[in-house]
Structures are given as C-alpha cells and as structure tokens.
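These protein sequences, in sequence, are chains A and B. If you use our numbering, the first sequence corresponds to residues 246 to 421, in order. If you use our numbering, the second sequence corresponds to residues 246 to 421, in order. We put the beta carbon where it would ideally sit given N, CA and C, even for glycine. Read the structure below first, then the notes.
Number of protein chains: 2
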Amino acid sequence: MDIRTLCLGILSLGEATGYEIRKMVTDGSFSFFSEASYGSIYPALTQMTADGLVACRAESQTGRPDKKVYSLTADGRKALEQSLTAAPGPDRHRSDFLAALLFAEAVSPDRINALIHDRISEHDEQIALLKGHLKDEQGTVARFVLEYGLVMQEAARRFLKENRARLSPAPEKQTG
Amino acid sequence: MDIRTLCLGILSLGEATGYEIRKMVTDGSFSFFSEASYGSIYPALTQMTADGLVACRAESQTGRPDKKVYSLTADGRKALEQSLTAAPGPDRHRSDFLAALLFAEAVSPDRINALIHDRISEHDEQIALLKGHLKDEQGTVARFVLEYGLVMQEAARRFLKENRARLSPAPEKQTG
DNA sequence: GAACACATGTAAGAAGTTACATGATTAT
DNA sequence: ATAATCATGTAACTTCTTACATGTGTTC
C-alpha cells in the first residue's frame, strides 16, 4: 500500500491533518499494518491537493503553523476505489519475525527461544491493544479488521507457546 | 528484512546462485513472507563478496554465463546473527488486504465481498502450498515456520468464512 | 519457430526514510 | 530547564523495482 492510497483511505474515514495521519499510522489502530513518516505524508498531501484528490482547509492557530485539515473529494474517492480494487495480487506476509526464525537455526540455538519469547510478548501487547480498540464504537468494517487481526495474533500466540519446546528442547534431565 | 540479510539467511541454509535465490523468494517457501528482484539480489551478492561475507565459486558451463555459487563465510554468519538479533522492533503486519478492507466501507459495499472472497481463495492456495512443503523433509525451524504460517492462514480463513455475512448481509428474504 | 527456463548483470527511476529546520506550549 | 507534544515542511540519502541487455538450451 503506497502512501497516497493510505492517506486517501484514512481521509475516507474522516478529515484529518498530516500530523494526525502520522499519529494514526504509528500509534493508532493503523499501526497494526502500516507505517509512514512525515517525509512521505506531507508531500503526498500537497501533491494530492494539487491533483484535486483532497481538499485543504486552513485553521489559523496562535504560535503554531496553520493547521491544514484535509478531506476527501469526489475525485479522491474515485482514486481510492481504483487503488483498492486494482489487481490485488498475493499480499505476502512480509514478516521479519518469520524470516528471522527461519534463519535462526543456523545462527545460534539460544536466540530462538529469546526471539519467540519476545514475539509472544508482542502478541500479548497487540492483543491488548486490539481489544482496547474494540471497546470504542467503530464501523462494521473497522471492527471486522480488528477482530481479524486479533484472531491471527491469538492463533500465532497459541502456536508459539505450544510448540516452543520443539525448537529449544530443555536438557533431558527428567525423562518420562 | 533487507536484501543482504535475506541472502545471508538463505545461504545459511546452503550454497546457492543468485538465480536460485531469486526462485526461492518468488516461488519457494520464502514467497510466503518475502520478495526480491534480480536488480537487488545480484548487486547485494557482489558487494557482500567484496566485503568478505560470502564466498563465490565459479562453475563453468557451456553456452551459459558461469554459474556463480555463493556460500556463507564466518564473517557472513556473524553479520547475519547481528542483523537478526539487532533490535527486532514491532514487526508490523504490513498487509494490503487488511488496509484495503478497512477502507473498503467508504468505497463500495459490493467490493468487500469480492475482496474477502479473493482472500479466502488465496488462503486456500497458500494452505495447500504450505502443506505441500511440509511433506519434504526440512529442518526443525523451517517446519516450525511453515506450520506457523499454516496456523495463521487457517485462522484467517476460518474467521473470514464465518464472519462474511456480517459485512455483506444478504437481503433478508427468508427470516428465521 | 515461439515461448520459456537458465544465468548474470546494469542503469534509470520510483518510493520512502532520516535528519534537518523552525518555533510555541505544556508537562516533569 | 529539559523534554515532549503540537505542527509543517525540505533535502539528501537509501533501497529497491522495472526495464533493458545478452545469449544458449529445451519444450510445445
């Protein structure tokens, strides 16, 4: 998902400033599946304003730069739809964790346990985060996505917990 | 995961040519979580050879460019270990599908069903692929990763199937 | 004989991150 | 007073993809 589509999508849920968009993708519900920096968000918004995909309303503030509140235009909505429906493709699970794990065997057996342990903690945190978000009233689709994320996290967590021993077998002191 | 680490990791499982590495990341088990093009793989291998992280053995062939078989050096193994254990971070599930779904509500209700349908088919394909790979004898960790992927796919699939109706409720013709 | 698999490599371009630049307000 | 939050923006850099360049062997 490129920055433009991401911004359009977020704006489709309501107007926002560049600063707010950034917060959503780094801390908010969006952090689950995306990331973006100021260096990409601001230029994208400027360009899309020029292209007529978003509208910009300036709010004056004392002692701060004008707050630029962006909202989706009809053209922007069309562009978003095109982006989302254009040849979806395989949607790979680009996960550093999976890759690291796959290669960890060749590196150091001790690390595997640590990696898995960290990942389980992360899953726990994300599960808590997602459950927190679910309390807020959200649109049907947003809820759906959060629950989907939750299901995946919980499945991953359970599997990791149940299968840890296979990777880092404890020294066989007490046998069955 | 950057290309260098990816190549080092793959070479940690056994020697390979650039061509073979590319096949692995596009078609093989690695396709589940990564992707890379010739334009990044070949320069990475050349550079890492200069850096002493990999060794290159040339195999002459008739009618074809020399086959360059790369293997990991001790330094390469160290570099790999550092990469994998250096500040793992949150490991976001950068998924276009999740993003698209989250924004789909604002675009067109009809699309949601299509998106989910496609995704379920994709999950089915990947589940079949992973189960196929599991038949081959693999290292413990490789098996673990494949099974982890399988668990996630199956959880996702089940959830999507069971909850589709919530997103695109059929016209209420026959009630109760 | 057309297309695909094998096999390597380069150059141009896209897309994004990091770090910088600015500056007031608020919390520790 | 030191750091964090609010608020926008630019320039340099990194990283990767796309498309090109080359050429044989094999399959349909």
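Annotation for residue 317 of chain A: the continuous beta strand (DSSP E) segment containing it runs 312 to 317. For residue 289 of chain B, the enclosing alpha helix (DSSP H) starts and ends at 283 to 295.
Using beta-carbon distances, residue 315 of chain A does not count as an interface residue toward chain B, since no partner is under 9 Å. Within chain A, no residue has its beta carbon less than 9 Å from that of residue 374 of chain B; the closest one is some 11 Å off.
Put simply, the backbone Cα of residue 406 of chain B is about 43 Å away from that of residue 324 of chain B.
The beta carbons of residue 317 of chain B and residue 298 of chain B sit closer together than 9 Å.
Taking 9 Å as the cut-off, the beta carbon of residue 396 of chain B is found no closer than this to the beta carbon of residue 348 of chain A.
Judged by DSSP secondary structure, residue 344 of chain B falls within the alpha helix (DSSP H) whose first and last residues are 341 to 352. Contact check for residue 251 of chain A against residue 279 of chain A passes: the beta carbons are separated by less than 9 Å. Residue nearest to residue 265 of chain A within the set A:312, A:351, A:308, A:296 is A:312 (criterion: CA-CA distance).
Close partners of residue 249 of chain B in chain A (Cβ separation under 8 Å) are lacking, with about 12 Å as the shortest Cβ gap.
Taking a Cβ-Cβ threshold of 8 Å, the residues of chain B close to residue 356 of chain A are 326, 329, 330, in chain order. Residue contact check for residue 273 of chain A against chain B: no CB pair falls below 9 Å. Around residue 246 of chain A, the beta-carbon contacts reaching into chain B at under 8 Å are 339, 341, 344, 345.
Counting along the chain, the unbroken beta strand (DSSP E) around residue 302 of chain A starts and ends at 299 to 304.
If you look at residue 246 of chain A, you'll find it isn't in any alpha helix (DSSP H); DSSP assigns it neither H nor E.
Around the beta carbon of residue 305 of chain B, fewer than 16 other beta carbons lie within 10 angstroms, which makes this residue exposed. When secondary structure is reduced to three states using DSSP, residue 401 of chain B falls in the helix class. In this structure, the beta-carbon distance from residue 393 of chain B to residue 360 of chain A does not fall below 9 Å. Listed along the chain, the chain B residues whose CB falls inside 9 Å of the CB of residue 366 of chain A amount to none; the nearest CB is some 11 Å away. If you check the CB distance, residue 322 of chain A and residue 289 of chain A do not come in under 9 Å. For the region 280 to 312 of chain A, the set of residues with a beta-carbon nearer than 8 Å to any beta-carbon of chain B comprises 280, in chain order. Neighbours of residue 322 of chain B across chain A, judged by C-beta separation under 8 Å: 351, 352. Think of a sphere of 7 Å around the beta carbon of residue 263 of chain A: no beta carbon from chain B falls inside it, the nearest being about 18 Å out. The beta-carbon of residue 267 of chain A is placed no less than 9 Å from the nearest beta-carbon of chain B. In summary, residue 308 of chain B is exposed, with fewer than 16 beta-carbon neighbours lying within 10 Å of its beta-carbon over all protein chains present. DSSP places residue 271 of chain B inside the alpha helix (DSSP H), whose first and last residues are 263 to 271. With 16 or more neighbouring CB atoms inside 10 Å of its own CB, residue 254 of chain B falls in the buried class. Taken through DSSP and simplified to helix, strand or coil, residue 321 of chain B comes out as helix. Around the beta-carbon of residue 282 of chain A, fewer than 16 other beta-carbon atoms lie within 10 Å, marking it exposed.
Neighbours of residue 377 of chain A across chain B, judged by C-beta separation under 7 Å, do not exist; the nearest C-beta is about 16 Å away.
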